[in-house]
Structures are given as C-alpha cells and as structure tokens.
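Just so you know, the sequences run in chain order A and B.
Numbering-wise (the working numbering), the first sequence opens with residue 351 and increments by one.
Numbering-wise (the working numbering), the second sequence opens with residue 351 and increments by one.
Cβ atoms here follow ideal geometry from the backbone N, Cα and C, with glycine treated the same way.
Source: prediction; values computed, not measured.
To start, the structure under review is shown below, and the notes come after it.
Protein chains: 2
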Amino acid sequence: MVASLVGDPARANMLTALMNGRALTASELAQEAGITPQTASSHLGKLEAGGLIEPEKQGRHRYYRLTDPDVAGVLEGLAGLAARAGHMRVRTGPKDPALRRARICYDHLAGDLGVQMLDSMRARRLVRQKKQDIELTTEGERFLAKHLQISPDMLAHPRRPVCKACLDWSERRHHLAGTLGATMMARFTELKWAARDATPGSRVVNFTRTGEKSFAALFGNGGD
Amino acid sequence: MVASLVGDPARANMLTALMNGRALTASELAQEAGITPQTASSHLGKLEAGGLIEPEKQGRHRYYRLTDPDVAGVLEGLAGLAARAGHMRVRTGPKDPALRRARICYDHLAGDLGVQMLDSMRARRLVRQKKQDIELTTEGERFLAKHLQISPDMLAHPRRPVCKACLDWSERRHHLAGTLGATMMARFTELKWAARDATPGSRVVNFTRTGEKSFAALFGNGGD
DNA sequence: ACAACGCTTCGGCTATCATCGAAGCATGAA
DNA sequence: TTCATGCTTCGATGATAGCCGAAGCGTTGT
Chain A
351 MVASLVGDPA RANMLTALMN GRALTASELA QEAGITPQTA SSHLGKLEAG
401 GLIEPEKQGR HRYYRLTDPD VAGVLEGLAG LAARAGHMRV RTGPKDPALR
451 RARICYDHLA GDLGVQMLDS MRARRLVRQK KQDIELTTEG ERFLAKHLQI
501 SPDMLAHPRR PVCKACLDWS ERRHHLAGTL GATMMARFTE LKWAARDATP
551 GSRVVNFTRT GEKSFAALFG NGGD
Chain B
351 MVASLVGDPA RANMLTALMN GRALTASELA QEAGITPQTA SSHLGKLEAG
401 GLIEPEKQGR HRYYRLTDPD VAGVLEGLAG LAARAGHMRV RTGPKDPALR
451 RARICYDHLA GDLGVQMLDS MRARRLVRQK KQDIELTTEG ERFLAKHLQI
501 SPDMLAHPRR PVCKACLDWS ERRHHLAGTL GATMMARFTE LKWAARDATP
551 GSRVVNFTRT GEKSFAALFG NGGD
C-alpha cells in the first residue's frame, strides 16, 4: 500500500524534503530524516518500489527525486488533510513563518505570496477561475509577455496543464500550479527577485528587497 | 500523520468501503475490514481524530461517513499512485470485473463506463477539457436539459466545482466528477438505468438492460 | 424491569517493522 | 594498488501498534 509508505515519519520527512523539486542524495535524505544511511537505504528502496521516487546514479552518488508532479500533488493533498485536522507539522522551527510566507511547492510558488499572486491575477482577469479550473485569458498572455517575458509556447507541455489550482496547506486557499506556475517561479529566480533558501532541503523562498517591490507592483494588494 | 492512518490495511478497507458515499455503521465497517468490533472501534476513533471520517449517532448505531469529498479525492489519488506501481488492490474477487466496468467513486460514475461517458462528452463538445480542467459548453447545457432534465442551476454549489476530472484507477484515464458527475449519476439512478449493488459496502453499479441501451444511445462509442 | 444489542474500554499477547552495528560492494581519488 | 567515500546488505534488537477476550455502558425492545 502506498499510504503506509508515506505514513512512516522518516519517509515522510524524506518526501517532504523532496517536495522542493530538487533531487537529493541518499545521505542528504538520511540526514534530513535524522536516521543513519543504512536505515535510509531501506526506506529509499521501499519508496522506489512503490513508485514514489526515482533514482539517478551519478558517480558514487545516488540522487533521488519525486517521480512525478502527480506524486507531489497527492502529497500536498495529504498535507492539506493533515493541516485541517490541526495536526500541523511537528517540524516546528524558526523557518516556519518564512515557510508560511513563501515556499516552493514542487516547482511553483506557494504560501502567502503564492495565494496573493493568484488572487491578484484573478482580480485583474489575467486568468479565469471556475471553482477548481483555471484558464489563462488573452489579457493574461499579454501581461505575461510584457512584464515577465513569458510567451504561450513556453508553457506547452504534453502531459501537464498550463494552469492548475493547487490547494495551499498553510493558507487553505488556492495558489497557481501547472507549467505557468513553474515558469513564473523560474522567471522570478532568473530576475533575482527571489531565491530558494540555501540550506539543503529547505522549501523556503527568500525575496530580495527589489524583488519584493517588483512583485508587489505586479501582484500587490492594490489589484484586489 | 494522516497517511499512516490510511496506511493500515484494516483502516484502508474501511475507507474504501466508505468511498461509495454512504454512511456505514461501526459493525458493518468491522465486517468489511475483517476485524472484530473492538478493534474496529479503535480504528474508527483514530480515523475520526484524524478528521477523515465523521460519526452520526442514530439510536444505538453509529454511522460513519467520509467528512468531505476532498477526503475522497485524496484517497482516489492515493489509489491512482498505487495502481500505477502495479500494486493493484489485493481485494480480488468475482466482483472485480464488475467493478472495472462501472462503480461509484464517492458519488459519481467511475470505471469503464465513466471514462467512456467523459470521452463521448468531450468528442461531442458537450464539455471542453484542457488537460486537467473541464468546462461545460452551452451545447452541453442544452444536451443535459434535453436528455437528462438537468438544468445549470441544479449544479451550483458553494464549494464544489461543476466539472472536475477525476483519475480513474482502473482505466488510468479521467472520468467526470464534480456536481455534474454526481447529478448525472443520481439521474441515472432515478431513471432506473442503473442501481448501486445491494450488497453493503459494494461500489459496483449495475445497469439495467434498458439503462444500458439508453446510456449507449447518449454516450455510445459512435460518438467517439 | 429485564434482556438483547451495538459499541466502547481495558489488559495482555503477538507480530511487524524501524533502527543500528558490522561487513560487503561499488566508484573515485591518490 | 591502496585508500576513502557513498551506498547497500545482513543480522539482531526493540518498540510500536494491531488484535482479540472479557467486561462495562448506553440504547432499544419486550
């Protein structure tokens, strides 16, 4: 059963660490979960057998990543259920407020700023959202081309939707996923508006001062 | 952790039994999971504490149901991951082929016929589907009003989308969820085209002979 | 009032599985 | 070749948690 794989705390920590979309080595994951490499090896084998993660050999390292954005989606859904039961992640620490503000959800922006961005885009009619479904409008395409140099053909992907509503576990509202969400996040990084936290395994996204201003100019509360 | 709750086989069986959307008593769930009432009571308490199920007292019975369609969604997602890993449900039996053909996924039609229905609706432009997102077209509204006496205002719901793509674990393709999926299934039942299997806890949907013909007339392969 | 029924709580048994030490097997470096 | 590093396999230990029998509590029915 897949759920029992996610159920174990050590494995859950590993998967959470992989939610930032990066591939991590076996030993990094071991440290992340607070267990010895031997134990980690066993867990990783099971997760791989369950199809949740994929290995990639590179020299004498083995990098693991989540097999699929779908896996990340289910994981996020699970986290959502856990959040509403009050079982907030025990993993408390100083980075918690930062996590709430801006973090990576697999490959796109989540947290307060992620929710705020989608809110603003919806208010400015850059996207249309009917309940769970999101669609990019022509105004939205113009906006993206003008302000973020993103053209529609950059968003095409054989098996992934352009827009997707992703439930945010801290805000309990939607943020933007899909190829658009991923591309926008990538652009923010390129523009040096924001950068993923340096500490390995962290999902925190730190905005620079100018980045914060630019982001607010595009998606600030004024548009709400 | 929520995932560990779903991870236990006994609890997983209980939850699977509740996926048909009906509420079941504690003893029914115990029998469904193949355990004694004492053990079941413990499990049900944990599931309730985890916010996955909700009790409802009624005389000397306690009925349990899934708290939310969201829970069903996450469960279905988990089943999808399990399916693609080849970990098909061990729960084999004579009802398996019937399950593959037509079953209830929380409150809407799933299985071969469910997938076929969405395929046909897409081909006839009753809905537009962009990757994961489904939208009802005006032709679709006309079709529903004419053939199934379903008007758009019957589909409005504060917190649930009209259309939603739900990944089918047996077909590994999408079928139609959301209020439309639920309403259509309800109409099929009212029209006596189909009925849920009588055996308690079964997700199988049995089509009558005339129901099968009527269904095929609307959503048959001819439209594909 | 009494009995039957549905469910829960308690206590003890058992098995599964996570965990780690030690050893083995690769790959890369000296 | 020789050593170091990263990871895996093996074996043994220990703790968590599922499980059931017995008993208790509340509700329904006679």
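- In its chain, beyond the 5 residues on either side, H525 have a beta carbon closer than 6 angstroms to the beta carbon of G464 of chain B.
- When C-beta distances to chain A are compared with 8 angstroms, the residues of the segment 353-371 of chain B below that value are A353, S354, L355, V356, G357, D358, P359, A362, in chain order.
- Secondary-structure assignment with DSSP links N556 of chain B through a beta bridge to B:A545.
- Distance from the CA atom of S392 of chain A to the CA atom of G409 of chain A, rounded to whole angstroms, is 20 angstroms.
- G423 of chain A is positioned such that its CB atom lies no closer than 8 angstroms to that of G395 of chain B.
- Every alpha helix (DSSP H) of 4 residues or more that sits fully in the segment 443-525 of chain A is shown, in chain order, as 446-451, 462-473, 488-498.
- Taking 8 angstroms as the threshold, the shortest C-beta distance from M467 of chain A to chain B does not fall below it.
- By DSSP's assignment, P405 of chain B forms a beta bridge with B:Y414.
- Only exposed fits T389 of chain A, as fewer than 16 other CB atoms lie within 10 angstroms of its CB.
- Here the alpha carbons of L476 of chain B and E489 of chain A stand approximately 26 angstroms from one another.
- Sixteen is the threshold: when 16 or more other Cβ atoms of the shown chains lie within 10 Å of the Cβ of T529 of chain A, as they do, the residue is buried.
- Taking the C-beta atoms as reference points, A544 of chain B is found no nearer than 8 angstroms to G570 of chain B.
- In this structure, A373 of chain A sits near E406 of chain A, with a CB-CB distance shorter than 8 angstroms.
- Taking a beta-carbon distance threshold of 8 angstroms, M534 of chain B does not count as an interface residue toward chain A.
- In this structure, G461 of chain B sits near R450 of chain B, with a CB-CB distance shorter than 8 angstroms.
- The Cβ atoms of L431 of chain B and V421 of chain A lie closer than 8 angstroms to each other.
- According to the DSSP assignment, T386 of chain B belongs to no alpha helix (DSSP H), since it is labelled neither H nor E.
- The criterion of a C-beta distance shorter than 8 angstroms is satisfied by M504 of chain A and T533 of chain A.
- In this structure, L402 of chain B lies near L355 of chain B, with their beta-carbon atoms less than 8 angstroms apart.
- For the C-beta of A432 of chain B, the chain A residues within less than 9 angstroms are, from N- to C-terminus, M351, V352, A353, G400, G401.
- The continuous stretches of alpha helix (DSSP H) do not include A373 of chain B, and DSSP gives it neither H nor E.
- Close CB contacts of R510 of chain A within its chain, under the 8 angstroms cut and outside five residues either way in sequence, are with P419, G528, T529 (chain order).
- Take the alpha-carbon of T558 of chain A and the one of N370 of chain A: they are about 19 angstroms apart.
- Shortest Cα-Cα distance from P447 of chain B to any of B:A567, B:A435, B:A566, B:R553 involves B:R553.
- For A527 of chain A, the three-state secondary structure derived from DSSP is strand.
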